[in-house]
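Working notes for the structure below.
Numbering (the numbering used here), first residue to last: 1 to 174.
Okay, structure coming up:
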């Protein structure tokens, strides 16, 4: 039992959140298998171990439907990084993403967590830019969390490695 605890203590816990259809599960499986998998709406969560340069991340992809968001906080304990996936084409719900983001950041269990925002679906014509999303989410007002916003396309994997590199850089400066 102790060795099992020690093994899991070496993992860096990451939660992947965002509204439904943002691309959370696609990103998780790009990380774990480096391929696109057919996904359906996540009810509950998916979890995968991702290893980058001998650093082990335990990544929890949590369902984003409105009825599931109230249970996100049950995953917060010991979380070191929060990845928020934003659908860059969903201008109508960016304010909902903002509300959920600030509700999370106020939670005691996430007070030390780093924040990585993936601006997903950047391959779609007319999508919001990283600057627009940053402004809509008022990221410059986030002072008590290390944060980074990264443009990406979950389907091609573009931008995802840069996000992981940012998380690795945060671990190195601790």
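Note that beta-carbon positions come from the ideal geometry of N, C-alpha and C, so glycine has one too.
If you draw a straight line from the Cα of residue 86 to the Cα of residue 174, it is about 27 Å long. Taking the Cβ atoms as the reference, residue 130 lies roughly 21 Å from residue 113, outside the contact range of under 8 Å. Ranked by Cα distance from residue 42, the options 118, 77 and 72 are led by 72. Ranked by Cα distance from residue 56, the first of 148, 47 and 94 is 47. DSSP places residue 153 within a strand segment (E or B) once states are collapsed to three. Pairing residue 84 with residue 50 gives a Cβ-Cβ distance that is not under 9 Å. A residue is called buried once 16 or more other Cβ atoms fall within 10 Å of its Cβ, and residue 135, having fewer, is exposed. Unbroken alpha helix (DSSP H) stretches of 4 residues or longer found wholly inside the segment 23 to 69: 24 to 33 and 66 to 69, given in chain order.
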